[in-house]
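Novice: Below are the structure tokens for one structure; questions will follow.
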Amino acid sequence: MIYPNWIYYPNDELELFIDTVQQVSYVSGCNTTEYVGASDGKLKSKAIRQLPTATFECTWDTNHITDIYRYLDYLKGKQVIIGFGRLDLASWAKITDASFVRTVGTVQKASLSMQFLGDVRGHFWEAEDPRDDGGGAEYSDALASGGKTKRLSGIGSSVSFEVRQSKIMLPTGNYTMFARIKDSNQVTDDLILDVYDRDGSYNPTLTTTATSSFKIYTLNFEISSSEAGHRILFEVFKNKTSTNNIYVDFLSYVAVP
0 MIYPNWIYYP NDELELFIDT VQQVSYVSGC NTTEYVGASD GKLKSKAIRQ LPTATFECTW
60 DTNHITDIYR YLDYLKGKQV IIGFGRLDLA SWAKITDASF VRTVGTVQKA SLSMQFLGDV
120 RGHFWEAEDP RDDGGGAEYS DALASGGKTK RLSGIGSSVS FEVRQSKIML PTGNYTMFAR
180 IKDSNQVTDD LILDVYDRDG SYNPTLTTTA TSSFKIYTLN FEISSSEAGH RILFEVFKNK
240 TSTNNIYVDF LSYVAVP
């Protein structure tokens, strides 16, 4: 299975895929400030968390190197969603620096520096990942991020992944689920995105019509104290009996910064 690496700018629906991530440097720190307490005059300290940063060593195999330059120049400083499949990581971030190292044939190397927005990292699942709880069939597609999708043909067929809520995974807060999907016949309201609490009643959904080309579909949701410790299912499924195929490329969620 090929794990995708992906940068998405929602304002323009702009996508940039990275062929490989060869190395990652991740820094998560805090500063300690000392002060004198006003009430007791004692020396005290306070830790101030810093936003995590990371540097990714990337490559592209392309004959259009200057297009990659232009994409990254445009995206620098903007709030983007990043997804790194092999790391199982997704987050809002800002690209702070893009340094192009060298080109070997048609392979372009670059170093991307990013600042993550917020302390919570989400998950990023390729649809054909064996952790999928759904029943879709694997299908080859050259336009998919890793060259394959899950094909949903029958009513109720799905792609789904489960996360157990905790202070580390899915802590309380606001999130956005997203998935990259297309539909062979664009059947009205045949696509449903769903966040389902298997141990409770919380169940936000999005019902919509998918387009003929891959597009990102999103669903906003909230994790509250009512979902503490529960099994949360992220699901994309086909809603109708009509004869058509829905193709799911990948599925993910990010915390809203």
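Just so we're aligned: the sequence shown equals residues 0 to 256 in numbering that gives the first Met the number 0. Quick reminder that beta carbons are idealized off the backbone N, C-alpha and C, glycines included.
1. Would you mind giving the Cβ-Cβ distance between Phe236 and Ser165, rounded to the nearest angstrom? I have them listed as a contact below 8 Å.
2. Is Thr171 helix, strand or coil by DSSP?
3. Just to confirm my understanding: we take Trp59, look at its own chain, exclude 5 residues before and 5 after, and list those with CB closer than 8 Å. What are they?
4. Can you give me the start and stop residues for the alpha helix (DSSP H) that Arg69 sits inside?
5. Considering only their Cβ atoms, is the gap separating Tyr174 from Gly234 smaller than 8 Å?
6. Hey, Asp131 and Val100 are a contact pair by Cβ (cut 8 Å); roughly how many whole angstroms apart?
7. Taking Phe55 as the reference, give the member of Gly28, Phe83 and Ile167 with the closest Cα.
8. Going along the chain, which residues of its own chain have a beta-carbon closer than 8 Å to the beta-carbon of Thr210, five neighbours each way excluded?
9. For Ser288, does the three-state DSSP call read helix, strand or coil?
10. Please list the terminal residues of the continuous beta strand (DSSP E) segment that includes Ala109.
11. State the start and end residues of the unbroken beta strand (DSSP E) segment that holds Phe233.
12. For Val79 versus Tyr2, is the C-beta spacing smaller than 8 Å?
13. On the CB-based measure, 16 or more other CB atoms within 10 Å of its CB, does Leu42 come out buried or exposed?
14. Excluding five sequence neighbours on each side, which residues of the same chain lie with their C-beta closer than 6 Å to the C-beta of Ala197?
15. Check each candidate in Ser223, Ile64, Tyr246 and Ala46 and name the one with the smallest Cα separation from Thr171.
16. For the putative contact between Phe213 and Glu125, defined by C-beta atoms under 8 Å, what is the C-beta separation to the nearest angstrom?
17. Do Ala143 and Arg120 have their C-beta atoms closer together than 8 Å?
18. So what's Glu221 in DSSP terms, helix, strand or just coil?
Specialist: Taking the definition as stated:
1. Distance from Phe236 to Ser165 at the Cβ level is roughly 26 Å; contact not present, criterion being Cβ atoms closer than 8 Å.
2. Secondary structure of Thr171 (DSSP, three-state): coil.
3. Shown here for Trp59: same chain residues with a beta carbon closer than 8 Å to its own, the five before and five after excluded, namely Ile17, Asp18, Ile67, Val106, Gln107 and Ala109 in chain order.
4. Taken as a continuous stretch (DSSP letters only), the alpha helix (DSSP H) holding Arg69 covers Ile64 to Leu74.
5. The identity of residue 234 in the sequence shown is Glu, whereas the question assumes Gly. Remark: C-beta atoms of Glu234 and Tyr174 do not approach each other more closely than 8 Å.
6. Their Cβ separation, rounded to whole angstroms, is 36 Å, which puts Asp131 and Val100 out of contact at 8 Å.
7. Closest by alpha carbon: Phe83.
8. Result list for Thr210: Lys181, Asp182 and Gln185, in chain order.
9. Because the chain spans 0 through 256 in this model, residue 288 falls outside it and cannot be assessed.
10. Note, Ala109: beta strand (DSSP E), Val106 to Phe115.
11. Segment Arg230 to Lys237, the beta strand (DSSP E) holding Phe233.
12. The Cβ atoms of Val79 and Tyr2 do not sit closer than 8 Å to each other.
13. Exposed.
14. The amino acid at residue 197 is misidentified as Ala; the sequence shows Arg. So the list reads Arg230 and Leu232, once near-sequence residues are dropped.
15. The closest CA to that of Thr171, considering only Ser223, Ile64, Tyr246 and Ala46, is found on Ser223.
16. Between Phe213 and Glu125, the beta carbon gap of about 14 Å keeps them out of contact (Cβ cut-off 8 Å).
17. Taking 8 Å as the Cβ cut-off, Ala143 and Arg120 do not qualify as a contacting pair.
18. Looking at Glu221 - three-state DSSP - the assignment turns out to be strand.
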